[in-house]
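All remarks here apply to the structure that follows.
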Amino acid sequence: MAKRLVARSKPPKKLKKTAKSDVEQVAALYVQTRGVLVRAGRTLHDHVGSSLSAAGVQLQLLRMDVPAAEARIDEILRVLEGALDRVRELSHELCPSPAYRGGLNQALMRLAEQHASSGCRVEVEYSATAAVPAEIAAALYEAACEVVHQARQKGAARVGISVRGAGPVVLRIVDDGRKSGRARGWSVVRALASEQGLAFESSTGKSTIVCIRHAIRRTPRG
């Protein structure tokens with residue numbers, strides 16, 4: 023019996039453009055939504071949390087000045103401490119990236135430690151001298167996490183992360199994993215990087231290399 027040959031047609035270019043547009047729209051919505059949540063979290067930490075801490079200090083001073091009210095003030099302090107703990111928890115939930123708290127270098131070192139027992143060795147070299155804004159540090163860290171995750175899925179045994187630059191900051195990730203299907207896996211992280219003003223470049227040769235760039239805006243000298 024003759025075998026029936028079925029011609030496989032490539033997806034129309036219009037369909038590919040539509041899919042790309044959908045990814046970009048979702049990325050834009052995600053970045054906008056996360057920006058609102060992050061600002062809310064930082065407001066909680068910087069303003070609400072600080073105000074509650076200051077109120078606690080004032081109550082402790084009042085307790086010293088009015089010993090007769092010590093029991094009542096201690097009760098209020100316990101309630102205040104509980105509220106402060108909840109504010110810290112909410113702030114952390116809204117701003118989960120460690121880059122907001124310890125900067126990009128510490129966040130990447132923490133990422134390497136998390137993979138220490140996974141069979142994939144992650145090394146970090148940080149020599150950038152430019153100060154990276156917190157929002158950009160978080161965006162670079164998020165992109166690095168996804169690229170490292172993709173490398174592990176492709177069987178990488180070693181991943182090298184370097185951050186260099188005094189003007190444009192360049193985060194470079196090199197891994198020895200399989201190269202097939204990488205572009206598809208990076209489509210979302212590439213769109214997210216673009217929405218946050220980052221340039222995402224990749225190449226596959228002997229190793230797979232991803233470069234993510236951010237140009238630091240310098241304040242003009244008067």
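The sequence shown lines up with residues 23 to 244 when you count with my numbering.
Every residue gets a Cβ at the ideal spot worked out from N, C-alpha and C, and that includes glycine.
Limits of the alpha helix (DSSP H) - the one that residue i falls within
| i | result |
| --- | --- |
| GLY207 | 204-207 |
| ARG108 | 92-116 |
| VAL169 | 156-175 |
| GLY219 | Per DSSP, GLY219 belongs to no alpha helix (DSSP H) and is neither H nor E. |
| ASP68 | Looking at the DSSP string, ASP68 is not in any alpha helix (DSSP H), and its letter there is neither H nor E. |
Beta strand (DSSP E) segment containing residue i, residue limits
| i | result |
| --- | --- |
| LEU193 | 190-197 |
| SER139 | SER139 -> no beta strand (DSSP E), and no H or E assigned at all. |
Whole-angstrom distance between residue j and residue i, CA atom to CA atom
| i | j | result |
| --- | --- | --- |
| ILE195 | THR151 | 18 Å |
| ALA237 | ALA153 | 11 Å |
| ALA76 | MET131 | 33 Å |
| ALA41 | ALA215 | Unreliable placement is indicated for ALA41, whose pLDDT of 49 sits below 50; no coordinate value is reported for it. |
| THR226 | LYS201 | 7 Å |
| PRO155 | THR55 | 19 Å |
| TYR122 | VAL101 | 28 Å |
| SER73 | ARG94 | 21 Å |
| HIS114 | ARG61 | 12 Å |
| PRO190 | SER119 | 22 Å |
| VAL232 | GLU103 | 45 Å |
| ILE98 | HIS67 | 21 Å |
| HIS137 | TYR148 | 18 Å |
| ALA166 | GLY124 | 16 Å |
Outcome for residue i when other beta-carbon atoms lying within 10 angstroms are tallied against a minimum of 16
| i | result |
| --- | --- |
| ALA159 | buried |
| GLU157 | buried |
| THR65 | exposed |
| LEU51 | exposed |
| VAL79 | exposed |
| VAL58 | exposed |
| GLU164 | buried |
Any chain D beta carbon closer than 8 Å to residue i
| i | result |
| --- | --- |
| GLY207 | Protein chains in the displayed structure number just one, and chain D is not present. |
Those residues which DSSP pairs with residue i across a bridge
| i | result |
| --- | --- |
| TYR148 | VAL185 |
| SER224 | VAL232 |
| ALA179 | Partner(s): none; ALA179 has no beta bridge. |
| ALA237 | PRO190 |
Pick from the options that is closest to residue i, judged by C-alpha positions
| i | options | result |
| --- | --- | --- |
| ASP96 | GLU135, GLN82, GLN172, LEU106 | GLN82 |
| GLN175 | GLY141, SER184, VAL146 | GLY141 |
| LEU126 | ALA138, GLY219, VAL146 | VAL146 |
| GLY199 | ARG143, VAL79, GLY187, ALA188 | ARG143 |
| LEU106 | VAL70, PRO120, HIS137, ALA134 | VAL70 |
| ALA173 | GLY182, GLN47, ASP197 | ASP197 |
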